[in-house]
Amino acid sequence: MKKKLHGQGLPCRTLVPSSNRPSLSDNQVFVVFRFLIALGFAALTLAAPALAAQKAHLSIDASKSGAKIDRNIFGQFAEDLGHGVNEGIWVGPDSKIPNTRGIRNDVVSALRELKVPNVRWPGGCYADEYHWRNGIGPADKRIATLNSTWGGVVEPNAFGTHEFMDFINQIGSEAYISINVGSGTTKEAADWLEYMTAAQATTLAKERAANGHPAPFKVGFMGIGNESWACGGNMTADYYISQLKIYSHFVRNLNPAQRDKGRMLRIAVGPGDPDTQWTEAIMKAYQHHGWSWDIDGLSLHSYTVPTGWPPSTPSTGFGVDDYAKTLKSTLAMDDFLHQQEAVLDQYDPKKNVALVVDEWGIWHAALPGTNSQFLVQQNSLSDAILASLNLNIFARHADRVRMANIAQMVNVLQAMILTDQQKMVLTPTYYLFKMYVPFQDASVVPVAFDAGNYTQGSVSLPRLDAIAAKDATGKLWLEITNLDPAESIEVEADLSGIAAKSAKGETLTAPAVDSINTFETPRTVVPKPVAGTVHDGKLTLTVEPKSVTVISFEQ
Ligand code: AHR
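Heads up, the sequence shown stops at 556 in this note's numbering, and the numbers go up one at a time, no gaps.
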């Protein structure tokens, strides 16, 4: 062995003319050679993920177009929970943190970039213990209550109806109000809607004007309760249906500007995950609905909890095994939607009732050292990839899934933004949502692909996922997720129905699946530019391991 290496070592000596260097003994040559071999191995190992590339073939027919990807599937959820609203959005007008009427400027300007179509508030479970009157009127007259659902902390109610509407206005979004069915009354909810939306001089409308807003507010969406089968009152489906009929009839949006086109959509409580019995009951009732009650949507709550309840996966400091299990678990969303749609199609074949996935996302264990009731978690590249897979699933179900709300917006669960006092950091999920903005209201273009599977331990996953869509200007957009954490993919796509000349966009990846952005290192996971080549109706593009890429085509 030693001898053989000795012989192989000879070429090394030819690298530098022997006249320019002291001559080496045989033993020294052997040592140097071993070092070089080791160096070579190390270089190869490090370069391996970049060198190895899988191939994938895609076909995109841009002459065909499917359902519209409703912009409302990019909705968000901001519950009065932990530091989601208080501190995350609301700091109060006297705060040293730059704000506009008490709402953080940094958070607002980041969210404006996402074109957030709607924001669901005040809950969640908290909605069924929220009493709107505590949160209106002069700041010093607000009624402080306890947030019994989330940690029993004092809720000052400084962020109430007017502040929420101001926030919605500042970020350019629409209000999705969840009304209290669990511990409120129909009258309380009807009064809230009248307070917010009446244009005529009713006593409640005058009170709103006296509180600073003479014009009626616009309420785009109204959720009638939340998880009424659990935290919203532990109701049976039949009991909830009787409540639904009453609330749907009496709780009215009175804003004249919302009479026809911008009509407020009413969303009934739907099931959690695979429960189809609840759906069946609601839809059976819906089948016989008349002029006196109606709904426009049915909600579905489906979190990714890879190890089951209670959530126990860490949000950072994990490896590719946990990553694969998590993605496998999130792909179940597709089955959940199919199961729900089968029931909806039976009772509502015309698809009048939208499926509204108004709580989704990864639910990890709370970060050590935080109040476990505040649901604080970090947000990694893995979470962004998970978000891309879910958004793609929603896009493929776009004819029925017309709205969704990721849980949640700031500092809670799979958040877009994390804050700590005056510090703010944008998460990988934030950047993912930003890359998907062009898909808002774009029409699905069919894309066929086959890239095989990648296997991690006992988990086998599709190597690649993709969606394509055409925006209102006719521009074609393509999204490609490479799930494989180790190998890049050389994509070759046949393009028909479009005379494309070039393709460019952005890709989101990072050194590791659990890479995160922190206050100190906020740019570990950020999108970077990427370009493909287009020749003779074929796109060629290399996508990096564990990445999300969005490109558009120039014609
Ligand atoms: O998003 C956190 C909680 O999860 C919501 O309040 C509740 O609706 C769900 O169970």
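No residue lacks a Cβ here, since even glycine has one placed at the ideal position from N, Cα and C.
| Item | Value |
| --- | --- |
| Cβ neighbours of S313 in the same chain (closer than 7 Å, five flanking residues each side left out) | A366 |
| Three-state secondary structure assigned by DSSP to F218 | coil |
| Segment contact, 8 Å Cβ cut-off, at least three pairs: the region 90-97 with the region 184-192 | no |
| Boundaries of the beta strand (DSSP E) in which E555 is found, first to last residue | S548 to E555 |
| 8 Å Cβ cutoff met for R267 and D295 | yes |
| Close-in-space but distant-in-sequence residues of the same chain around F165 (CB under 6 Å, 5 per side omitted) | W122 |
| Assigned secondary structure, N21 (DSSP; H/G/I helix, E/B strand, else coil) | In this prediction, N21 has a pLDDT of 32, which is less than 50 and means its spatial position is unreliable; what the coordinates show is noted afterwards. Three-state result, N21: helix. |
| Residue range of the unbroken beta strand (DSSP E) whose run includes V446 | S444 to V446 |
| Cβ-based burial, V358 [other Cβ within 10 Å; buried from 16] | buried |
| Near the ligand AHR: G124 beta-carbon under 7 Å from a heavy atom | yes |
| As assigned by DSSP and simplified to three states, the class of K262 | coil |
| S300, buried or exposed, once every other Cβ within 10 Å from all chains shown has been counted against 16 | buried |
| Stretch pair the region 231-238 + the region 169-183: three plus CB contacts closer than 8 Å | yes |
| Whole-angstrom C-beta distance between E507 and V531, which should lie under 8 Å | 6 Å |
| Short Cβ contact (8 Å threshold) for G124 with L376 | no |
| DSSP state of E480 mapped onto helix, strand, coil | strand |
| For G458 and H536, the rounded distance between their alpha carbons | 39 Å |
| Own chain partners of F160 with C-beta closer than 6 Å, once the 5 adjacent residues on each side are dropped | V86 and W91 |
| The ligand AHR heavy atom lying under 7 Å from the CB of H302 | yes |
| K384, DSSP secondary structure in three states | Residue 384 is actually Asp in this sequence, not Lys. In this structure, D384 counts as helix in the three-state DSSP scheme. |
| Top-ranked residue by Cα proximity to W361, from S381, Q340, T305 and K246 | T305 |
| Beta-carbon gap between N211 and L255 smaller than 8 Å | One detail in the question is off: residue 211 reads as Ala in this sequence, not Asn. No, Cβ-Cβ distance for A211 and L255 is not below 8 Å. |
| heavy atom of the ligand AHR below 7 Å from A408 C-beta | yes |
| Neighbourhood of P157 by C-beta, 8 Å cutoff - its chain only, sequence neighbours within 5 removed | N87, R143 and A145 |
| N353 burial status per 10 Å Cβ neighbour count (16 or more: buried) | exposed |
| With 16 other Cβ atoms within 10 Å as the buried cut-off, status of P486 | buried |
| Neighbour-count burial assignment, F520, 16 or more Cβ in a 10 Å radius | exposed |
| W230 - DSSP class collapsed to helix/strand/coil | coil |
| I569 versus I394, S489 and I499, residue with shortest Cα-Cα distance | Absent from the structure is residue 569, since the part of the chain shown begins at 2 and ends at 556. |
| Entirely enclosed beta strand (DSSP E) segments - the region 99-183, minimum 3 residues | 119-122, 146-148, 154-156 and 175-180 |
| A532 - DSSP class collapsed to helix/strand/coil | strand |
| Residues near L16 in its chain [Cβ-Cβ closer than 8 Å; skip 5 each side] | At L16, the pLDDT of 26 sits below 50, so the modelled position is not reliable; the number obtained from the coordinates is stated separately. Once the five neighbours on either side are set aside, L16 has no close Cβ partner at all. |
| Rounded C-alpha distance that separates S174 from V117 | 6 Å |
| Under the three-state DSSP convention, the category S66 falls into | coil |
| Beta-ladder partner(s) of I468, from DSSP | E480 |
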